[in-house]
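Engineer:
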Amino acid sequence: MKKISVFTSGGDAPGMNACLRAVVRTALFHKLEITGILHGYDGMIKGEFIPMNAKSVSGIIQRGGTILKTARSAEFMTPAGMKKAKENLEKNGIEGVIAIGGDGTFKGALEFSSICSIPFIGCPGTIDNDLIGTDFTIGYDTAINTVVEAVDKIRDTAESHDRLFFVEVMGRDAGLIALRSGIGSGAEAILISEAKTDMEQLIRHLKDGRKDKASKIVIVSEQEGTGSVMKVAEEVKKALPFYDIRVSVLGHIQRGGNPTCMDRVNSSRMGFSAVEALMDGKKSTMIGIINNKITYTPFENAVKHLDELHPDLVGMMKILAL
Ligand code: F6P
Numbered sequence: 000m001k002k003i004s005v006f007t008s009g010g011d012a013p014g015m016n017a018c019l020r021a022v023v024r025t026a027l028f029h030k031l032e033i034t035g036i037l038h039g040y041d042g043m044i045k046g047e048f049i050p051m052n053a054k055s056v057s058g059i060i061q062r063g064g065t066i067l068k069t070a071r072s073a074e075f076m077t078p079a080g081m082k083k084a085k086e087n088l089e090k091n092g093i094e095g096v097i098a099i100g101g102d103g104t105f106k107g108a109l110e111f112s113s114i115c116s117i118p119f120i121g122c123p124g125t126i127d128n129d130l131i132g133t134d135f136t137i138g139y140d141t142a143i144n145t146v147v148e149a150v151d152k153i154r155d156t157a158e159s160h161d162r163l164f165f166v167e168v169m170g171r172d173a174g175l176i177a178l179r180s181g182i183g184s185g186a187e188a189i190l191i192s193e194a195k196t197d198m199e200q201l202i203r204h205l206k207d208g209r210k211d212k213a214s215k216i217v218i219v220s221e222q223e224g225t226g227s228v229m230k231v232a233e234e235v236k237k238a239l240p241f242y243d244i245r246v247s248v249l250g251h252i253q254r255g256g257n258p259t260c261m262d263r264v265n266s267s268r269m270g271f272s273a274v275e276a277l278m279d280g281k282k283s284t285m286i287g288i289i290n291n292k293i294t295y296t297p298f299e300n301a302v303k304h305l306d307e308l309h310p311d312l313v314g315m316m317k318i319l320a321l
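Throughout the sequence shown, residue numbering follows numbering that gives the first Met the number 0, covering 0 to 321 in sequence.
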């Protein structure tokens, strides 16, 4: 193998740059030529290949976002889009590709492997932590720390006004951002996508719970898209009109910011291992870290969903929130 490519795809995540830096520097160490592809699969289709060297990734380990830009490409999922992408990879002499992205990225790579034999290795880059085959995805640790910092601030004002706050966090159809940031911020309740919201139970909890608490915070995982928290808050207000309720949608601040040290180190390990995996002849495989060890999960298994979300954490949270 002489020449490889790397790209970032899907929603950006803090730590993608650290991963990219590790990929480029490891490739150079092994005397591989490396090109970056801009704008994810869209750039592969349009031929946006740029040469990379040690300097191209200087000063980026601490930066959120992705210097290669990213996109969710609809065109790549069409036969014509895939054909163009294949032609461009071949034209550029690419013999292996490292994709840093989430489940959409790996589903795309898997489908692409039916028409293109160039091997792909994936690094899990998404704040959602919704992939099987790794304890933590790139960006998740930073995102939950961003949420905890925001909720700590909300707690100050909630406490001062004796208010009940509903705080919506990201996660698409996975509730892991909500679960961990809710535990970390001492939330009174957490509503996650995996368990259908039991409004009666929530209302009972807020009605019968401790009266000596000045503030209450309910973390709500976005369910039917951004803003779905409004419906939950309205229903509670109807049932419990004595509460002074406010809603806060944290939105895209969860996707930005300097990656935490944990994200920088995990991302570096994954990027480093991705290059070695390509050189070892692996393909259609996602690099992960489980119990602090590098793991290899076939794309088709990585993109499946967890049926039940950490029942141990959910059970503990209920007791600690009393
Ligand atoms: O997958 C990452 C994520 O931030 C999800 O948590 C969220 O639902 C989605 O992306 C938002 O996507 P966009 O930035 O395209 O609005």
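Ideal Cβ placement from N, Cα and C applies to all residues, glycine included.
Can we count residue 76 as close to the ligand F6P, meaning its CB is less than 7 angstroms from some heavy atom?
Structural biologist: no
Engineer: For residue 11, tell me which candidate among 127, 32, 95 and 222 has the shortest Cα-Cα distance.
Structural biologist: 127
Engineer: Taking 7 angstroms as the cut-off, is the beta-carbon of residue 125 closer than that to any non-hydrogen atom of the ligand F6P?
Structural biologist: Answer for residue 125: yes, Cβ within range of the ligand F6P.
Engineer: Buried or exposed, going by whether 16 or more other CB atoms sit within 10 Å of the CB of residue 154?
Structural biologist: buried
Engineer: Which of helix, strand or coil does DSSP assign to residue 247?
Structural biologist: If DSSP states are grouped into helix, strand and coil, residue 247 belongs with the strands.
Engineer: Contact defined as beta carbons within less than 8 angstroms: I believe residue 100 pairs with residue 7. What is the distance between those atoms, to the nearest angstrom?
Structural biologist: 6 angstroms
Engineer: Just verifying my parser: in three-state terms, what is the DSSP assignment at residue 143?
Structural biologist: helix
Engineer: Is residue 171 near the ligand F6P - that is, is its Cβ less than 7 angstroms away from at least one heavy atom of it?
Structural biologist: Because some heavy atom of the ligand F6P lies under 7 angstroms away, the Cβ of residue 171 counts as near it: yes.
Engineer: Which stretch, first to last residue, makes up the alpha helix (DSSP H) that contains residue 228?
Structural biologist: 228 to 238
Engineer: Just checking my contact of residue 205 with residue 163 at CB under 8 angstroms: how many whole Å lie between their CB atoms?
Structural biologist: About 7 angstroms separates the beta carbons of residue 205 and residue 163, which is inside the 8 angstroms limit, making them a contact pair.
Engineer: Whose CA, out of 91, 114 and 57, lies closest to the CA of residue 80?
Structural biologist: 114
Engineer: Measuring alpha carbon to alpha carbon, tell me which residue in 252, 123, 3 and 320 is nearest residue 36.
Structural biologist: 3
Engineer: Give me the Cα-Cα distance between residue 262 and residue 240, rounded to the nearest whole angstrom.
Structural biologist: 42 angstroms
Engineer: Round the Cβ separation of residue 190 and residue 220 to the nearest angstrom and send it over; I've been treating them as touching at under 8 angstroms.
Structural biologist: 6 angstroms
Engineer: Quick check: what's the CA-CA separation for residue 216 versus residue 318?
Structural biologist: 15 angstroms
Engineer: Skipping 5 residues on each side, what residues in its chain have a beta carbon closer than 7 angstroms to that of residue 24?
Structural biologist: Excluding positions up to five away in sequence, the list reads 53 and 56.
Engineer: Could you tell me whether any non-hydrogen atom of the ligand F6P is closer than 7 angstroms to the CB of residue 80?
Structural biologist: no
Engineer: Measure the alpha-carbon distance for residue 198 versus residue 94 and round it to whole angstroms.
Structural biologist: In a straight line, the C-alpha of residue 198 is about 53 angstroms away from that of residue 94.
Engineer: Relative to the alpha-carbon of residue 304, which residue among 47, 148, 133 and 157 has its alpha-carbon at the smallest distance?
Structural biologist: Checked all of 47, 148, 133 and 157; the closest Cα to residue 304 is 133.
Engineer: Just checking residue 221 against the ligand F6P - is the residue's beta carbon closer than 7 angstroms to any of the ligand's heavy atoms?
Structural biologist: yes
Engineer: Determine the DSSP secondary structure at residue 188, reduced to helix, strand or coil.
Structural biologist: strand
Engineer: Looking at the unbroken alpha helix (DSSP H) that takes in residue 84, where does it start and where does it end?
Structural biologist: Where residue 84 is concerned, the enclosing alpha helix (DSSP H) stretches over 78 to 90.
Engineer: Would you call residue 299 buried or exposed, if buried means 16 or more other Cβ atoms sit within 10 Å of its Cβ?
Structural biologist: exposed
Engineer: Could you name the residues of the same chain whose beta carbon sits closer than 6 angstroms to that of residue 112, not counting the 5 residues immediately before and after it, in chain order?
Structural biologist: 283
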